[in-house]
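Below is one structure; the comments refer to it alone.
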Amino acid sequence: MSYQASGTIKCWKKYDCLGCGAVFRHRFERAVSGQGGTAEQAEANAQQAGIAALQNQVDTIPCPECGRVQPRMVGHDKNNTHFGLTVFFLIAGVVLLLVGANDVTTRDVSAYGMAGLALLALLAHFLTAQSDPNANQDANRARALEKVQSGAVEVIRTGDPSNGEPQPPLTTGGHTVYLALALGAVLAALVPVAMRQLNGWALADADPPVLGPGDTFRVTFPDKIDCVKSLWRGSPQVTWDQPVNGAAVFAETSTWGNMSVKSSELHTAPTLWADVKLPPNADLQDKELSGTITMPVEYPYANTSSTMIDKNTTVRKQFNVKLSKVNAWKSFRAFWWSGLGASILLTLLAGWGFARLAARMKWDSPPDLVESLDTPPEDLPPDELARRRDEARAAEEQQQQEQRDRKPWER
Ligand SMILES: [Zn+2]
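If you number the sequence shown the way the working numbering does, the last residue is 448 and the count never jumps.
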């Protein structure tokens, strides 16, 4: 049995504006909940969640006096975005890797796709790091003044924008390092394509798509069998059209006896295949090989729902493969996996780095102060506060009036 406790924390968060020295505070609200084995435990966990929200969560409210978004807010937002991008590109990269490894697309296409994904990640992180929430402080200020009107924001001490501190830089040397990692991710994904072309490992419509002496390729048969539990065994033989010494051929080697079988497994139709292992013979490089595989197949057939008999058939298929260099597939596959794997890792590492830099901006900047909702605005007497509020309202109304007075094409 588990208990649930939930509630809403409400408070003021107060800032000393770095842009003008004003002191302002805004209403902060978060729904929190906790679970536990007892009601008390659930309550305690909900309280913990509340404290964590107070410490970690930040709302982006520009200063109503100068429009500056505080570095803590900037860092918080950027950290969230970088983190989300990192998770997204990690998942997308792994999906693309699996798609490529299953030859849904050609290996070159999956490598180019990974490079494209890494480039997108680089651009997304770069734009996130570069984006400046203080590019238009006038618009920020107008937004904040609306909140002053509604009572969600209070100005406690007026500011002097001529006396503010400059903004901390949005990007630093650290960003250059992580951008370089992100660029490395783009290049890493292109390594298998480059190595393939440099070494003359041709792509072919075969399984695997790159093939050389010493590698193993698979021939699949169009014939279908009706067997139990996808069980079969084959004894394939190759007849080569050219002399090839030292090739070996394998197929499935299942065995069966008494076994329990689900009704869905009574009639299955697995794909029949044979693997041909080529000798690592340099004489075969860049040759085209053809031949025929003849394969007697044995399989268990369910003649009733509770009994089965062994059946036999023989399948036959011609094949034709174009070889490139010795062990081309083993080498290319190693480059493909390490290149695309490194690309995912470097993108992950770069994303983590960008998120860390944003987190540092957040935690290294002056903090917000939490006040309970009934704390009076200390620095201003109530009538002064009311006067400021009226002023803000009048300014806002005047701005709206100006907006209405403008000709439509000026808006
Ligand atoms: Zn300010």
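For every residue, glycine included, the Cβ atom is placed at its ideal position computed from N, Cα and C.
Remember, it's a predicted structure, so these values are computed and weren't measured experimentally.
Report the partner residues of residue i according to the DSSP bridge assignment.
i, result
"Ser297", "Partner(s): none; Ser297 has no beta bridge."
"Gln279", "According to DSSP, which records beta bridges pairwise, Gln279 is partnered with nothing at all."
"Asn171", "Answer is none; Asn171 lacks a bridge partner."
"Glu66", "Lys47"
"Asp347", "Pro337"
"Lys399", "In the DSSP output, where bridge partners are listed per residue, Lys399 has none listed."
"Ser327", "Asn357"
"Lys314", "Thr253 and Ala285"
"Arg194", "Val60"
"Met332", "Val352"
"Glu202", "BP columns for Glu202 are empty, so no partner."
"Gly73", "Tyr40"
"Gln274", "Thr331"
"Thr290", "Arg270"
"Phe369", "Phe369 is not bridged to any residue."
Alpha carbon to alpha carbon, how far is residue i from residue j?
i, j, result
"Pro9", "Leu394", "Outside the displayed span of the chain (38 to 448) sits residue 9, for which this structure offers no information."
"Ala79", "Ala219", "43 Å"
"Lys50", "Ala89", "14 Å"
"Met232", "Ala138", "18 Å"
"Ala239", "Asn357", "15 Å"
"Phe391", "Val111", "13 Å"
"Val95", "Ser147", "40 Å"
"Val298", "Thr143", "38 Å"
"Gly328", "Val313", "11 Å"
"Ala179", "Cys100", "10 Å"
"Ala86", "Tyr40", "15 Å"
"Trp373", "Val230", "8 Å"
"Met461", "Pro108", "Lying outside 38 to 448, the shown extent of the chain, residue 461 is not represented and no answer is given."
"Ile381", "Gly237", "26 Å"
"Thr290", "Gly71", "55 Å"
"Lys324", "Leu309", "27 Å"
"Gly249", "Leu386", "35 Å"
"Lys115", "Ala166", "7 Å"
"Thr276", "Thr292", "26 Å"
Can you say whether residue i is buried or exposed, counting buried as having 16 or more other CB atoms within 10 angstroms of its CB?
i, result
"His304", "exposed"
"Pro206", "exposed"
"Arg448", "Here the model assigns Arg448 a pLDDT of 46, short of 50, so the residue's position is not dependable, and the following value carries that caveat. Under this definition Arg448 is an exposed residue."
"Asp278", "exposed"
"Asn177", "buried"
"Met296", "exposed"
"Thr412", "exposed"
"Thr384", "buried"
"Thr344", "exposed"
"Ile128", "exposed"
"Thr75", "exposed"
I think residue i touches residue j, with their Cβ atoms under 8 Å apart; what is that distance to the nearest whole Å?
i, j, result
"Val185", "Ala423", "About 12 Å; that fails the 8 Å criterion."
"Gly251", "Pro317", "3 Å"
"Asp244", "Phe254", "6 Å"
Can you name the start and end residues of the alpha helix (DSSP H) that residue i belongs to?
i, result
"His119", "Pro108 to Ala138"
"Gln221", "Correcting the residue type first, residue 221 is Gly in the shown sequence and not Gln. Run containing Gly221: Gly210 to Asn236, per the alpha helix (DSSP H) assignment."
"Trp269", "Segment: none, Trp269 is in no alpha helix (DSSP H) and carries neither H nor E."
"Leu91", "Ala76 to Asn93"
Where do the ends of the beta strand (DSSP E) carrying residue i lie?
i, result
"Gln41", "Tyr40 to Asp53"
"Val247", "From DSSP, Val247 is part of no beta strand (DSSP E); its letter is neither H nor E."
"Leu406", "Leu406 to Glu408"
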